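My numbering applies: residue 14 is where the sequence shown begins, and numbers increase by one.
Okay, structure first, notes after.
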Amino acid sequence: MTRYRSVLLSGIVMIGSTILAGCGGPLTRTQSFHGAQRIVVTDAKSFGKETLQEARPPSEIADPSRLAAFEDFLERHQDDWKRVRDDPRTSRFQLELQADGRTLTTFWFEAGYLQRHDGGKRISAIRLSTEETAELASALGLPPHLMM
C-alpha cells in the first residue's frame, strides 16, 4: 500500500509540473530571443487588393542594435502581458523572430497594442501608450506616420 501511495504521489507531482510548465508566464530572454538572428516585419496591408498600394514591403531586421532595442523593450514590459480571452486582434504588423530559417516567436503590433503567442493557441497582449508605440516603431525602423 505504501508503494502504491508513493507511485500515485509521484504521478500527481509529474502531472502538476506539466500543467504548470504549460502556463504562460513572463516573457523571458530565453523564450523570445534564444538564438534569434532576425525579425521579419510584414505589413498586413499587403494582404488586401484594396490596400496593397499602401503596404510597406516586408523587411528584415538583423542589425544587432535594433534586435537589442526590441529585446530591451520586451524585458521592460515582461510583467505587463495579459492573457487574451477572445479572438486575437487584427494588427497592422506581424513580427516574426527567426533563427536558422525558422520562426521562434510571432508578435503582432499596431498603435497602442502588442500581442504574441504564448505557445499553442494562447495569445497575450500589452496595451501601449503613445510614447511606447513610438519607441517600439523606432526600434523596428517603422516611420511614425504608419502607426496612426
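Glycine included, each C-beta is placed from N, C-alpha and C at the ideal position.
Source: prediction; values computed, not measured.
What are the residues that DSSP puts in a beta bridge with Asp93? According to DSSP, which records beta bridges pairwise, Asp93 is partnered with nothing at all.
If you drop the 5 nearest sequence neighbours on each side, which residues of the same chain put their C-beta closer than 6 Å to that of Ala82? Ala152
Cβ-Cβ distance between Leu110 and Thr103 below 9 Å: no
Where do the N-terminal and C-terminal ends of the alpha helix (DSSP H) with Leu155 fall, by residue? Taken as a continuous stretch (DSSP letters only), Leu155 belongs to no alpha helix (DSSP H), as it is neither H nor E.
Using a Cβ-Cβ cut-off of 7 Å (strictly less than) and excluding sequence neighbours within five positions of Tyr126, which residues of its own chain qualify? Arg102, Ser104, Ala138, Arg140, Leu141
Please state if the CB of Ala49 and the CB of Ala150 are separated by a distance shorter than 9 Å. no
Sub-9 Å separation of Asp56 and Pro71 beta-carbons: yes
To the nearest angstrom, how far is the alpha carbon of Trp94 from that of Pro77? 25 Å
Please state if the CB of Phe120 and the CB of Gln107 are separated by a distance shorter than 9 Å. yes
Hey, Arg96 and Arg135: beta-carbon distance below 9 Å or not? yes
Quick check on Ile74: buried or exposed, where buried means 16 or more other Cβ atoms within 10 Å of its Cβ? buried
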